[in-house]
Amino acid sequence: MTVFFFIFLVTISLIGLTAGAHRLYAHRTFTATSELRFFIMIAHTLAGVGSIKNWVFWHRIHHKYYGTDRDPYNHKKGFLFSHVYGNMLSSPSDLNTYAKTIDMSDIKSDGYVRTQHKFYWILFIVLGFMIPINIPIMYWNESLANSIMIMGITRLMITSNISWLVNSAMLVWGLKKGDRFPVEDNSIFFIWKSFWINYHYVIPWDWKSDEFGRYEKGFVTFIIKIWWELGLVKEMMTVSREKMYEVLYKVADSEITMDDALEKMKERATEDALKEGLMYYH
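Structure (structure tokens):
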């Protein structure tokens, strides 16, 4: 029973980290109802990786300064740095000089995020540590040692690594320039290497981009589709292949720059998402 409870809480934390902190809050790929945002706040707290506000801030820094010395998870420094060391290093001394370039107004205006950030350690100790450990002991007589080891230490180690993988996924599932697709080694049997991770760093606001190398597939994307059917999310941002080609043709003809093309795609995606939301609620 403890194992099933363990899997359940890890799955809830996974949803809070990926669909919640990453797709909803960090990249605003869709909007969510108040009830769903409350659930995401609880799910993220269970993961034990700090507040949503802090997580989003560092992830936006990662995207803004990708591949530079200001990137806290710089992929050029290798997997260990991106996945482990980057999450443990103290904040750089000159952080305040470039942190102002990160717009966090949307995060600060969310009441659930503000509450979680203000009372994070109280919420985590109670919801993310004490309750998960005590439930197996109280309801099916699990031993204290097993509950601490499974529901405390092991669970939080796994959820921490899931959180870190969101930032280091490129080095696991991504392809480098010049790599063949599909890959020609044995990793094809257990890792879905593709350029979709690369795509995410160019168009981070597409809700269909999975954190771990897939597009419009995967467990988390399936969960978001269910939320859509239940009316819990709307204004889902994406771009069609045709509209992408249309804008890129203009770049090829030197009519606009690549930065302008990406901005134009985002504007059209925003318009389409708003129209889709209005059609759904009509």
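Using mature numbering (1 follows the signal peptide of the UniProt record, and there is no 0), the letters of the sequence shown correspond one by one to residues -20 to -1, 1 to 262. Even glycine gets a Cβ: it sits at the ideal position worked out from N, Cα and C. Quantities reported herein were computed from a predicted structural model and do not represent experimental measurements.
Going by beta carbon distance, what residues of the same chain come within less than 7 Å of residue 46, once the five residues before and after it are set aside? What you label residue 46 is simply residue 66 of the sequence shown in a count that begins at 1. Answer for residue 46: 181, listed in chain order.
Just to confirm, are residue 8 and residue 86 a CB contact at a threshold of 8 Å? What you label residue 8 is simply residue 28 of the sequence shown in a count that begins at 1. What you label residue 86 is simply residue 106 of the sequence shown in a count that begins at 1. Against a cut-off of 8 Å, the Cβ pair of residue 86 and residue 8 comes out as a contact.
Taking all protein chains shown into account, decide if residue 125 is buried (16 or more other Cβ within 10 angstroms of its Cβ) or exposed. Counting from one through the sequence shown, the residue named residue 125 turns up at place 145. It counts as exposed.
Counting along the chain, where does the alpha helix (DSSP H) carrying residue 122 start and finish? Locating residue 122 in the sequence shown gives position 142, counting from the first residue. No alpha helix (DSSP H) contains residue 122, which DSSP labels as neither H nor E.
Can you grab the Cα-Cα spacing for the pair residue -2 / residue 145, in whole Å? As a working note, residue -2 is residue 19 in the sequence shown. As a working note, residue 145 is residue 165 in the sequence shown. Rounded to the nearest angstrom, the two C-alpha atoms are 14 Å apart.
Do you know whose CA, among 32, 84, 58, lies nearest residue 95's CA? Counted from its first residue, the sequence shown places residue 95 at position 115. Residue 95 has its Cα closest to that of 32, out of 32, 84, 58.
How long is the line joining the alpha carbons of residue 166 and residue 195, rounded to whole angstroms? As a working mapping, residue 166 is identified with position 186 in the sequence shown. As a working mapping, residue 195 is identified with position 215 in the sequence shown. Unreliable positioning characterises residue 166 in this predicted model, as indicated by a pLDDT of 46, which lies under 50. The coordinate reading is nonetheless provided below. Using only the alpha carbons, I get a separation of about 22 Å.
Where the alpha helix (DSSP H) containing residue 135 begins and where it ends: Counted from its first residue, the sequence shown places residue 135 at position 155. It spans 135 to 148 - the alpha helix (DSSP H) in which residue 135 sits, taken as one unbroken run.
Under DSSP, the alpha helix (DSSP H) around residue 337 begins and ends at which residues? No answer is possible for residue 337: it lies beyond the span of the chain, which begins at -20 and ends at 262.
Cβ of residue 10 within 8 Å of Cβ of residue 213? Position 30 of the sequence shown, counting from 1, holds the residue named residue 10. Position 233 of the sequence shown, counting from 1, holds the residue named residue 213. It is a contact, given that the beta carbons lie within the stated cut-off.
Is it buried or exposed, residue 275, if we count other Cβ atoms within 10 angstroms and call 16 or more buried? For the chain, the structure presents residues -20 to 262; residue 275 sits outside this window and is missing.
Are residue 193 and residue 173 close, meaning C-beta to C-beta below 8 Å? For the purposes of this step, residue 193 is taken as the residue at position 213 of the sequence shown. For the purposes of this step, residue 173 is taken as the residue at position 193 of the sequence shown. Going by beta carbons, residue 193 and residue 173 fall inside the 8 Å limit.
Apart from the five residues on each side of it in sequence, which residues of its chain come closer than 8 Å, Cβ to Cβ, to residue 88? What you label residue 88 is simply residue 108 of the sequence shown in a count that begins at 1. Same-chain partners within the cutoff: 33, 94.
In or out: residue -4 buried (at least 16 other Cβ within 10 Å) or exposed? Counted from its first residue, the sequence shown places residue -4 at position 17. Counting other Cβ atoms within 10 Å of its Cβ, residue -4 reaches 16 or more and is therefore classed as buried.
Express the C-alpha separation of residue 121 and residue 185 in angstroms, rounding to a whole number. To locate residue 185, count along the sequence shown from 1; it is residue 205. To locate residue 121, count along the sequence shown from 1; it is residue 141. A straight line joining the alpha-carbon of residue 185 with that of residue 121 spans about 46 Å.
7 Å CB neighbourhood of residue 136 in its chain, flanking five on each side removed: Along the sequence shown, one-based indexing puts residue 136 at 156. Answer for residue 136: 28, listed in chain order.
Just verifying my parser: in three-state terms, what is the DSSP assignment at residue 250? Counted from its first residue, the sequence shown places residue 250 at position 270. Helix, per DSSP.
What are the residues that DSSP puts in a beta bridge with residue 189? One-based indexing of the sequence shown puts residue 189 at position 209. For residue 189, which the question treats as bridged, DSSP gives the partners 195.
When DSSP builds the beta bridges, which residues end up paired with residue 9? In the sequence shown, the residue the question calls residue 9 occupies position 29. Answer is none; residue 9 lacks a bridge partner.
If I'm right that residue 5 touches residue -18 with Cβ under 8 Å, what's the distance once you round it to whole angstroms? In the sequence shown, the residue the question calls residue 5 occupies position 25. In the sequence shown, the residue the question calls residue -18 occupies position 3. Residue 5 to residue -18, Cβ: 31 Å. No contact.
Starting from residue 265, follow the alpha helix (DSSP H) in both directions and report where the run begins and ends. It is not possible to answer for residue 265, since the shown part of the chain is limited to -20 through 262.
Which whole-angstrom value describes the C-beta separation of residue 25 and residue 104, a residue pair presumed to lie in contact below a C-beta threshold of 8 Å? Residue mapping note: residue 25 aligns to position 45 of the sequence shown, counting from 1. Residue mapping note: residue 104 aligns to position 124 of the sequence shown, counting from 1. Indeed, because the Cβ distance is near 6 Å, the residues count as touching under 8 Å.
Whole angstroms are fine: how far does the CA of residue 82 sit from the CA of residue 200? Here residue 200 refers to the residue found at position 220 of the sequence shown. Here residue 82 refers to the residue found at position 102 of the sequence shown. Taking the straight line joining both Cα atoms gives about 26 Å.
Exposed or buried, residue 139, counting other C-beta atoms within 10 Å across all chains shown (16 or more means buried)? To locate residue 139, count along the sequence shown from 1; it is residue 159. Residue 139 is buried by the Cβ-count criterion.
Closest to residue 243 by C-alpha separation, out of 78, 232, 224, would be which residue? Translated into the one-based positions of the sequence shown, residue 243 becomes position 263. The shortest C-alpha separation from residue 243 is found at 224.
Residue 52 versus residue 183 - alpha carbon distance: Taking the sequence shown and counting its residues from 1, one reaches residue 52 at position 72. Taking the sequence shown and counting its residues from 1, one reaches residue 183 at position 203. For residue 52 and residue 183, the distance between alpha carbons rounds to 20 Å.
If you measure between the beta carbons of residue 113 and residue 123, is that distance less than 8 Å? On the sequence shown, residue 113 is found 133 positions in, with the first residue counted as 1. On the sequence shown, residue 123 is found 143 positions in, with the first residue counted as 1. For the pair residue 113 and residue 123, the CB atoms are not nearer than the 8 Å cut-off.
Work out the CA separation of residue 150 and residue -8 for me, nearest whole Å. Counted from its first residue, the sequence shown places residue -8 at position 13. Counted from its first residue, the sequence shown places residue 150 at position 170. Residue -8 and residue 150: Cα-Cα distance of roughly 21 Å.
Member of 245, 13, 99, 43 whose CA lies at the smallest distance from the CA of residue 220: Locating residue 220 in the sequence shown gives position 240, counting from the first residue. Residue 245 is the option with its Cα nearest to residue 220.
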